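Q: Okay, handing you the structure first.
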Amino acid sequence: MDIDKVFKALADPGRRRLLDLLHQENGQTLTALCEHMDMTRQAVTQHLQQLEEANLVAIVWQGREKLHYLNPVPLHEIYERWIEKFERSRLGALRDLKKRLEGDEDDKT
Numbered sequence: 002m003d004i005d006k007v008f009k010a011l012a013d014p015g016r017r018r019l020l021d022l023l024h025q026e027n028g029q030t031l032t033a034l035c036e037h038m039d040m041t042r043q044a045v046t047q048h049l050q051q052l053e054e055a056n057l058v059a060i061v062w063q064g065r066e067k068l069h070y071l072n073p074v075p076l077h078e079i080y081e082r083w084i085e086k087f088e089r090s091r092l093g094a095l096r097d098l099k100k101r102l103e104g105d106e107d108d109k110t
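Structure (structure tokens):
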């Protein structure tokens, strides 16, 4: 995975919007995606190409239709590498705070 391409793709709000649209309804055509975007068809196509190069979008041809699918694997890899390890300690701190606020005798976890 080329992590630089993933971060570059995620840096643009238009591309993040496309990923959100595919998350809501996977397997959309360019025409369907363009309906929800405030940009030209050519601009949407260019954004989709960058998302595809970053492996965030996969293409499946169904007859003459080109369908775009969200590929969550690179996002999950980012989560595992950079987010999860920081989240663990915060969740532990929240759990400990909850125990102290509720009292240890009420804790059933």
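Numbering (my numbering), first residue to last: 2 to 110.
Each residue gets a CB set at the ideal place from its N, CA and C atoms; glycine is no exception.
Note that the structure is predicted; figures quoted are calculated from it, not measured.
#1: Return the chain-ordered list of same chain residues with a C-beta closer than 6 Å to the C-beta of T110, the five sequence neighbours on each side being excluded.
#2: With distances taken between CB atoms, is the gap from N27 to L71 smaller than 8 Å?
#3: How big is the Cα-Cα spacing for F87 and R96?
#4: Apply the 10 Å Cβ neighbour rule to R42 and answer buried if 16 or more other Cβ atoms are within range, or exposed otherwise.
#5: Shortest alpha-carbon distance to A44 belongs to which of G104, L31, K67, K9?
#6: Label V7 either buried or exposed according to how many other C-beta atoms from any shown protein chain fall within 10 Å of its C-beta, with 16 as the threshold for buried.
#7: Could you check how far apart the C-beta atoms of L52 and R16 are, in whole angstroms? I think they sit under 8 Å.
#8: Under three-state DSSP, which class holds L57?
A: With the given structure in hand:
#1: Residue placement at T110 is poorly supported in this model, since its pLDDT is 47, which falls under 50; the coordinates still yield a value, given next. If we look at T110 and ignore the five residues flanking it on each side, it has no Cβ neighbours.
#2: Yes.
#3: Looking at the two C-alpha atoms, the distance is approximately 15 Å.
#4: So R42 ends up on the exposed side.
#5: Per the Cα distances, L31.
#6: Counting Cβ neighbours within 10 Å, V7 comes out buried, since at least 16 surround it.
#7: Going by Cβ atoms, the distance from L52 to R16 rounds to 6 Å, so yes, they are a contact pair.
#8: Of the three classes helix, strand and coil, the one that applies to L57 here is coil, per DSSP.
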